[in-house]
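Student:
Residue numbers (the working numbering), protein chains in the order written: chain A, -1 to 325; chain B, 1106 to 1667.
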């Protein structure tokens, strides 16, 4: 008599179900598998290593009494002495204050201007007018600061076009280009002319990615121009705005150099001294050692990193993507 | 004639012994008042006399005697006639090397293809020296970086006034440049007779010490430029424009203001002054250089003296009464062109501007004529005129050159040391006859247009090494005027309290002084009030000024045995 078959045919031969273990590949295996990809990244890695990581490693001289004329290992370690000298310099805090002032002015008055320009540009339907508008606001970005300052001096300087017109009509010369008190306004005009158009480009790209059918549907539902901007356009480009805002915060202590350096003599160092010019006049062409300048650079970098991390954290808490996607 | 310094009033050993500084030595006084463990940038001092390793002085007899005999170096002799030139270098070396020499250039750099360069290269024996021109306006500052990166070609020219931008120059010199001592020590008159005749006083100014702790480590590191003396700068004025005003040449600060007020018309675009920042301190009796004067038994900085406020008040008047160009603060004006155009009456400049403008007038390029204001002082005070006898600079050779290459460049230097009256000097100074200059009716060379743009450039082969003796030369009327001026001014020349020592100030002092200068400009250009002067002086003294006083006092006491 055949035994009662209680099990599913073939089941006895089936292998026991084991948890699937993902075998970890060795470095060698991964290298053999991925070498074409690694090869592709090699130029970028080399570029980063040579021009970024290697120079960054030299930040260590901020803690040394460094001289380029002796072997690196013979430079004495001085701890935070250069930072002490930096913070006790009577012109460091004013330079830091000016830097923050210009950075906040850029954030408050140039950053939104780029968004406004992008929105205006986006709303222009005529291709011809759009091209013209784009050229007018975008072209000055390619001018050097020397040219920008020269144009301003020629136009608004004490012996410039406007001053001479004013003189001819019985007025007085403009002192606009030599007045330290109004330098922030002057700087804003220069940023607006030179940089706002460039800032607009990224926002334009973000605007282009918004689905047009959203506008159509909103229009059908009776939403006007302002409502469509408020409820569709601005939310559509919000991730880009937040991303750029965070990046700007990271570079808050890097407000530029040439613009301030070129106008330093005209306006006075009190109004134009920012951290970068401070380092330049103290360390690069000044009497203080390279270590002093490096300490100032490191200070800027650390502050920038902290601000980026804080801003990114805040962005994540508010549900934004930030500078990377939180997994 | 440059004379050896055996008879100098002090010796380098006694200098430091007197100061009780022992082994601190000739290269540098001990570092004073450093920030915690930081030792760099604390200032140094290098004595410039008493060396026994300099080239042995052998007189090279000048081919002719000057027409105007002065008392060099502060009252140089001059020539009002142009002589038959003679050959100075008779034993021509044969050079095959090609070298790059970095030099400052003010204005447009001439083309390297010009005949001048090839002709000169051939004349000195075939060695090719390419000039790497760099903007003279920023040269002092930027050269610091090239030197540290060893990116200055085979040689570099540094003028002595540029050292303000090189705070650790001793360290740069001994680490970047070729040590010439072994080649130049002793009798070099066989191969380099002109270099041998420069004299100890000149060669001692090319000495730096390799080890600040060891007085015996002093070495020759540079080829010195010409020994200059007397006034090197002046406030020039347009003689024709002053005549039009019907006014006399001013002699006091009040008269200067009177003339300036008469000339200036802001609405018409005429202002008496373009710049007044670096020349006018002397009018108020302020010290030159780092600004220290020895008064009542101690060193006093310019900023601590009442004359300092008077000087800033004067500059402020120029601003407030619109007696200077409104855009002068920008530092971007082409002042020479504005002066030439008659936009301004005065121009502060180096003495070479006199011959430059005279050449423009002679070639019809500029109107009128120029003269210099003499000794200006506040009414009732004895004038002070800044003047200093020193080499104009150095050419330093790269330490990576081989001995043969250095010898070849010293051959070139020997050629360039030929003085006035030699064929070498004429070639270097005026170029090729018929191309760069022609002889005028009185036999004096006159530049052609090409000569003006290529050879008259303030820096080229002419300044490769110092001339055996530097004379006043050029248009006869100008030479006579310059000679007379030095004769008239020499009684007012400032006493050089640092004669015999090269002082490098502490970094903190230099930084504070730079800020003080910025603040002076704020006051002068109406960006700050005169009432802020005491506060800015206090900031200066507390943040480097006092450290500077300590350092300079130590040097002064060592030097003067007090």
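Positions of the beta carbon are idealized from the N, C-alpha and C atoms, including for glycine.
At the level of alpha carbons, what is the spacing between residue 1334 of chain B and residue 248 of chain A?
Tutor: Reading the second chain from its first residue, position 229 is the one you call residue 1334 of chain B. Reading the first chain from its first residue, position 250 is the one you call residue 248 of chain A. The alpha-carbon atoms of residue 1334 of chain B and residue 248 of chain A are separated by roughly 55 Å.
Student: Note down the Cα distance separating residue 317 of chain A from residue 300 of chain A, rounded to an integer number of angstroms.
Tutor: To locate residue 317 of chain A, count along the first chain from 1; it is residue 319. To locate residue 300 of chain A, count along the first chain from 1; it is residue 302. Rounded to whole angstroms, residue 317 of chain A to residue 300 of chain A spans 26 Å at the Cα level.
Student: Can you list the residues of chain B that residue 176 of chain A reaches, using a CB-CB cut of under 9 Å?
Tutor: The residue labelled residue 176 of chain A in the question sits at position 178 within the first chain. Those within 9 Å of residue 176 of chain A in chain B are 1431, 1432, 1434, 1435, 1630, 1631, 1632.
Student: What residue from B:1252, B:1254, B:1433 has the CA that sits closest to residue 173 of chain A's CA?
Tutor: In the first chain, residue 173 of chain A corresponds to position 175, counting from 1. When each option's Cα is compared against that of residue 173 of chain A, the closest is B:1433.
Student: Does residue 1280 of chain B get closer than 8 Å to chain A when you measure Cβ to Cβ?
Tutor: Walking along the second chain from the start, residue 1280 of chain B turns up at place 175. Yes, contact with chain A.
Student: Under the rule that 16 or more other beta-carbon atoms within 10 Å means buried, what is residue 85 of chain A, buried or exposed?
Tutor: Here residue 85 of chain A corresponds to residue number 87 of the first chain, with the count starting at 1. Residue 85 of chain A is exposed by the Cβ-count criterion.
Student: So what does DSSP say about residue 1263 of chain B, is it helix, strand or coil?
Tutor: Stepping through the second chain from its first residue, residue 1263 of chain B is reached at position 158. Strand at residue 1263 of chain B.
Student: Within the chosen definition, does the segment 1216 to 1223 of chain B reach the segment 1254 to 1262 of chain B through at least 3 CB pairs nearer than 8 Å?
Tutor: Flag = no, the segment 1216 to 1223 of chain B and the segment 1254 to 1262 of chain B do not touch.
Student: Secondary structure at residue 1337 of chain B, three-state DSSP: helix, strand or coil?
Tutor: Taking the second chain and counting its residues from 1, the one referred to as residue 1337 of chain B is at position 232. Three-state DSSP puts residue 1337 of chain B in coil, outside helix and strand.
Student: What residues in its chain sit with their C-beta under 6 Å from that of residue 155 of chain A, if we drop five residues either side in the sequence?
Tutor: Your numbering for residue 155 of chain A matches position 157 in the first chain. Once the five neighbours on either side are set aside, the close Cβ partners of residue 155 of chain A are 175.
Student: If you draw a straight line from the C-alpha of residue 1140 of chain B to the C-alpha of residue 1409 of chain B, how long is it?
Tutor: Counting from 1 along the second chain, the entry for residue 1140 of chain B is found at position 35. Counting from 1 along the second chain, the entry for residue 1409 of chain B is found at position 304. Confidence at residue 1140 of chain B is low in this model, with a pLDDT of 44, below 50, so the placement of that residue should be treated as unreliable; the coordinate-derived value is given next. About 25 Å.
Student: So, does the CB of residue 1137 of chain B fall closer than 8 Å to a CB anywhere in chain A?
Tutor: The residue you call residue 1137 of chain B lines up with position 32 of the second chain. Because the pLDDT at residue 1137 of chain B is just 31, under 50, the model does not fix this residue reliably, and the point stays unresolved.
Student: Among all the DSSP beta bridges, which residues are the ones paired with residue 1173 of chain B?
Tutor: The count along the second chain starts at 1 and reaches residue 1173 of chain B at position 68. Looking at the DSSP assignment, residue 1173 of chain B forms a beta bridge with B:1183.
Student: How big is the Cα-Cα spacing for residue 192 of chain A and residue 135 of chain A?
Tutor: Taking the first chain and counting its residues from 1, the one referred to as residue 192 of chain A is at position 194. Taking the first chain and counting its residues from 1, the one referred to as residue 135 of chain A is at position 137. Looking at the two C-alpha atoms, the distance is approximately 8 Å.
Student: Quick check on residue 1535 of chain B: buried or exposed, where buried means 16 or more other Cβ atoms within 10 Å of its Cβ?
Tutor: Working through the second chain from its first residue, we reach residue 1535 of chain B at position 430. Result: buried.
Student: Evaluate the contact criterion for the segment 141 to 154 of chain A versus the segment 60 to 68 of chain A: three or more CB pairs, one atom per stretch, below 8 Å.
Tutor: The segment 141 to 154 of chain A, when compared against the segment 60 to 68 of chain A, does not touch it at the 8 Å Cβ threshold.
Student: Give the residues from the segment 1367 to 1381 of chain B that approach chain A closer than 7 Å (Cβ to any Cβ), ordered along the chain.
Tutor: Those residues of the segment 1367 to 1381 of chain B that come within reach of chain A (Cβ to Cβ, closer than 7 Å) are 1372.
Student: Quick one: what's residue 1343 of chain B bridged to in DSSP?
Tutor: Position 238 of the second chain holds residue 1343 of chain B. Paired residues: B:1475.
Student: What are the residues in the segment 1588 to 1622 of chain B lying within 7 Å of chain A by C-beta distance?
Tutor: Here the close residues are 1612, 1615, 1616, 1619, 1620.
Student: Which runs of the alpha helix (DSSP H) at least 4 residues long sit entirely within the segment 1514 to 1551 of chain B? Give them in chain order.
Tutor: The segment 1514 to 1551 of chain B contains these whole alpha helix (DSSP H) runs: 1528 to 1535.
Student: Let's test the definition: count the other Cβ atoms within 10 Å of the Cβ of residue 1160 of chain B and tell me whether it reaches 16, buried, or not, exposed.
Tutor: Numbered from 1 along the second chain, position 55 holds the residue referred to as residue 1160 of chain B. Buried.
Student: If you scan the segment 147 to 207 of chain A from start to end, which runs of the alpha helix (DSSP H) of 4 or more residues do you find wholly inside it?
Tutor: Counting whole runs of 4 or more residues, the segment 147 to 207 of chain A contains the alpha helix (DSSP H) stretches 159 to 166, 181 to 192, 194 to 206.
Student: Tell me whether residue 1418 of chain B sits in a helix, a strand or coil according to DSSP, three-state version.
Tutor: As a working mapping, residue 1418 of chain B is identified with position 313 in the second chain. Here residue 1418 of chain B sits in helix by DSSP.
Student: Could you check what DSSP says for residue 319 of chain A in three-state terms: helix, strand or coil?
Tutor: Residue mapping note: residue 319 of chain A aligns to position 321 of the first chain, counting from 1. Residue 319 of chain A: coil per DSSP, three-state reduction.
Student: Can you tell me where the beta strand (DSSP E) holding residue 1208 of chain B begins and where it ends?
Tutor: Here the question's residue 1208 of chain B lines up with position 103 in the second chain. Unbroken beta strand (DSSP E) run through residue 1208 of chain B: 1203 to 1210.
Student: Between residue 1337 of chain B and residue 288 of chain A, what straight-line distance do the alpha-carbon atoms span, to the nearest angstrom?
Tutor: Here residue 1337 of chain B refers to the residue found at position 232 of the second chain. Here residue 288 of chain A refers to the residue found at position 290 of the first chain. Distance between the alpha carbons of residue 1337 of chain B and residue 288 of chain A is about 34 Å.
Student: Would the beta-carbon of residue 1501 of chain B fall within 8 Å of that of residue 1282 of chain B?
Tutor: In the second chain, the residue the question calls residue 1501 of chain B occupies position 396. In the second chain, the residue the question calls residue 1282 of chain B occupies position 177. Yes.
Student: Given a cut-off of 8 Å on the beta-carbon distance, is the pair residue 1368 of chain B and residue 1452 of chain B in contact?
Tutor: Sequence index remark: in the second chain, residue 1368 of chain B carries index 263 (1-based). Sequence index remark: in the second chain, residue 1452 of chain B carries index 347 (1-based). No, Cβ-Cβ distance for residue 1368 of chain B and residue 1452 of chain B is not below 8 Å.
Student: Mind listing which residues of the segment 124 to 142 of chain A have their C-beta closer than 7 Å to chain B's C-betas, in chain order?
Tutor: Cβ contacts with chain B: none found.
Student: How about residue 76 of chain A: is its C-beta nearer than 8 Å to some C-beta of chain B?
Tutor: Here residue 76 of chain A corresponds to residue number 78 of the first chain, with the count starting at 1. Yes, contact with chain B.
Student: In the DSSP assignment, find the unbroken alpha helix (DSSP H) run with residue 1615 of chain B in it and report its ends.
Tutor: By 1-based counting over the second chain, the position of residue 1615 of chain B is 510. It spans 1612 to 1629 - the alpha helix (DSSP H) in which residue 1615 of chain B sits, taken as one unbroken run.
Student: Just how far apart, CA to CA, sit residue 303 of chain A and residue 209 of chain A?
Tutor: Stepping through the first chain from its first residue, residue 303 of chain A is reached at position 305. Stepping through the first chain from its first residue, residue 209 of chain A is reached at position 211. Rounded to whole angstroms, residue 303 of chain A to residue 209 of chain A spans 35 Å at the Cα level.
Student: The alpha helix (DSSP H) spanning residue 1287 of chain B covers which residue range?
Tutor: Position 182 of the second chain, counting from 1, holds the residue named residue 1287 of chain B. Residues 1286 to 1289.
Student: Entirely within the segment 1473 to 1510 of chain B and at least 3 residues each: give me those beta strand (DSSP E) ranges in chain order.
Tutor: Here the runs fully enclosed are 1475 to 1477, 1498 to 1502.
Student: Measure how close the beta-carbons of residue 181 of chain A and residue 118 of chain A come, nearest whole angstrom, since I'm counting them as under 8 Å.
Tutor: Numbered from 1 along the first chain, position 183 holds the residue referred to as residue 181 of chain A. Numbered from 1 along the first chain, position 120 holds the residue referred to as residue 118 of chain A. With a Cβ gap of about 28 Å, residue 181 of chain A and residue 118 of chain A do not count as contacting.
Student: Which residues share a DSSP beta bridge with residue 1403 of chain B?
Tutor: Taking the first residue of the second chain as position 1, residue 1403 of chain B is located at position 298. B:1400.
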